[in-house]
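Chains as they are written, first to last, in our numbering: chain V, 1 to 160; chain S, 1001 to 1160.
Cβ atoms here follow ideal geometry from the backbone N, Cα and C, with glycine treated the same way.
Below: the structure, in C-alpha cells.
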DNA sequence: GCCGGTTATGTTATCTCATAACAGAAGGTG
DNA sequence: CACCTTCTGTTATGAGATAACATAACCGGC
C-alpha cells in the first residue's frame, strides 16, 4: 500500500479469518448493548476497514463493497461510515480523506494519528490532550471533539 | 458568518484599511527576505483571507477574486493557497475544507485551531505538542508536521 | 397480528473540492 | 539577449460528498 516506498505495511496487518469474525462479533455486541443496529451495509463497511492494512478512501470502499465486484452507491457507504464514526468503530483521517477502523478499545471521541508519508501507514495512538485542553479552557472554549494528525516517517521508513 | 447562531464574529475581526495594508506589506518583506515572490494572485488571495473574519472556502476565494466580480479559475487560487501555506501565511483547516490567514508570528510549521461549531469562528493558538511528540518518538516516528483541530463552542456561544 | 412511528436503505442526480496537463508570459542571470 | 526557471492562464476532468425522495425493515403498543 505504500505510496512512495516498498516497506512492509507493518503496523496494522489487517484482519482475516477468525480474528476478523471475532472483531465483527465484538462490534455486534457493543451495538446490541446500546440498542444500535449493525446492519448489513454497516457491517460490510466495517469488515472492509478491518481487513485492510491502510487507510481506505470512501470510493475504495464503494468499489469493494459488493461480494462479486459490484460497487455500492456512494450514500450507502457514506451512511455506514457516519454510523461507524458515531459509535467509535471508525475514524476519518481528515488530511487523507480516508477512513480507518478504530484500533483502540472504548469510545473515546478522541483520535490521534501518526501518518507515514512514505508507506502510507496510519497508526492510531492514545492521545494526551491535557496541554491543548487547558489552552482551550483558557480561551473559554468548550471542546467537544479533538483530533490530531501528525505526518512524518514511521520507524521502518526512517530506517530504510 | 455564523452557521447556526447570531453571535458576534468575535475573535478575528478581519483587517481593512491601513491594518490590511500593513499586514500585506509585512508579507512582502518576509518574501523579499527569502527570495520568494508575493505575486499579484498570491497577494490577492492573502488579502481576501486577511479581510475575512472566518475560514474561507477555496471556491469563496475563487468567486471573490476578481475586482469587479469576475471569478478566478480554480488553479489560480489553489496555487496561491499552496504558496501561502508553504510560507506559513495561511493554514488549511482540514475538517472544514477551508483556509485562514496565519494569526501567529513566525513560521512554525505547526497549527492548532479551536473551531466553534456555533458561530464558525476558528481561533488559532500556539500548540504545545510535547506530549504527542514524545508519544510519536516512542513509536519510532519522525514527525515533520502536526496539526490539531478542536471542535466545540467559543466563549461567546457557550454563554449565549 | 397489525397498525403506526421511527429508523434504515435504495436510487437518481447533483454539488463541492481539487488537480492534471500544456501553452505562454515574466523574472533573473550569465 | 539567450537561456533557464518560475509563475500564470486555460481547458478539462477527476475525486469526494450529499440532497432529495421513494421504499423497506424494525419495533413498540394494542
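Given residue 1065 of chain S as reference, the closest of S:1119, S:1055 and S:1047 once Cα atoms are compared: By 1-based counting over the second chain, the position of residue 1065 of chain S is 65. Just measuring C-alpha positions, the residue of S:1119, S:1055 and S:1047 sitting nearest residue 1065 of chain S is S:1047.
Residue 120 of chain V burial status per 10 Å Cβ neighbour count (16 or more: buried): Your numbering for residue 120 of chain V matches position 120 in the first chain. So residue 120 of chain V ends up on the buried side.
CB contact flag (residue 1099 of chain S, residue 1090 of chain S, <8 Å): Residue 1099 of chain S sits at position 99 when you count from the first residue of the second chain. Residue 1090 of chain S sits at position 90 when you count from the first residue of the second chain. Taking 8 Å as the Cβ cut-off, residue 1099 of chain S and residue 1090 of chain S qualify as a contacting pair.
Cβ contact (3+ pairs, closer than 8 Å) linking the region 129-138 of chain V and the region 1124-1141 of chain S: Counting C-beta pairs with one atom in each stretch, the region 129-138 of chain V and the region 1124-1141 of chain S have three or more that are closer than 8 Å, which means they touch.
C-beta contact flag for residue 1152 of chain S and residue 144 of chain V at 8 Å: Residue numbering aside, residue 1152 of chain S sits at position 152 when the second chain is read from its first letter. Residue numbering aside, residue 144 of chain V sits at position 144 when the first chain is read from its first letter. It is a contact, given that the beta carbons lie within the stated cut-off.
Partners in chain S for residue 128 of chain V, counting only beta-carbon separations shorter than 8 Å: Stepping through the first chain from its first residue, residue 128 of chain V is reached at position 128. 1131, 1132 and 1135, listed in chain order.
Within chain S, partners of residue 152 of chain V - CB distance below 9 Å: Position 152 of the first chain, counting from 1, holds the residue named residue 152 of chain V. Ordered by position in chain S, the residues that pass the 9 Å Cβ test against residue 152 of chain V are 1136, 1141, 1142, 1143, 1144, 1145 and 1146.
Alpha carbon of residue 1084 of chain S to alpha carbon of residue 1023 of chain S, nearest angstrom: As a working mapping, residue 1084 of chain S is identified with position 84 in the second chain. As a working mapping, residue 1023 of chain S is identified with position 23 in the second chain. Cα atoms of residue 1084 of chain S and residue 1023 of chain S: separation of roughly 14 Å, rounded to the nearest angstrom.
First through last residue of the alpha helix (DSSP H) which encompasses residue 68 of chain V: Numbered from its first residue, the first chain carries residue 68 of chain V at position 68. Here residue 68 of chain V belongs to no alpha helix (DSSP H), and DSSP marks it neither H nor E.
Closest Cα partner of residue 1118 of chain S within the set S:1154, S:1137, S:1097 and S:1149: Position 118 of the second chain, counted from the first residue, corresponds to residue 1118 of chain S. Per the Cα distances, S:1154.
Among V:17, V:42, V:20 and V:18, the one whose alpha carbon lies nearest that of residue 88 of chain V: For this step, residue 88 of chain V is matched to residue 88 along the first chain. Out of V:17, V:42, V:20 and V:18, the CA that lies nearest to the CA of residue 88 of chain V is found in V:42.
Chain V contact for residue 1063 of chain S (CB, 8 Å cutoff): Within the second chain, the letter at position 63 stands for residue 1063 of chain S. Chain V contact via Cβ: absent.
Nearest-angstrom Cα separation, counted from residue 35 of chain V out to residue 139 of chain V: Reading the first chain from its first residue, position 139 is the one you call residue 139 of chain V. Reading the first chain from its first residue, position 35 is the one you call residue 35 of chain V. One C-alpha to the other measures close to 37 Å.
8 Å CB neighbourhood of residue 18 of chain V in its chain, flanking five on each side removed: For the purposes of this step, residue 18 of chain V is taken as residue 18 along the first chain, with counting starting at 1. In the same chain as residue 18 of chain V, and ignoring 5 residues on each side of it, no C-beta atom comes closer than 8 Å to its own.
Within chain V, partners of residue 1158 of chain S - CB distance below 9 Å: What you label residue 1158 of chain S is simply residue 158 of the second chain in a count that begins at 1. Ordered by position in chain V, the residues that pass the 9 Å Cβ test against residue 1158 of chain S are 140, 141 and 142.
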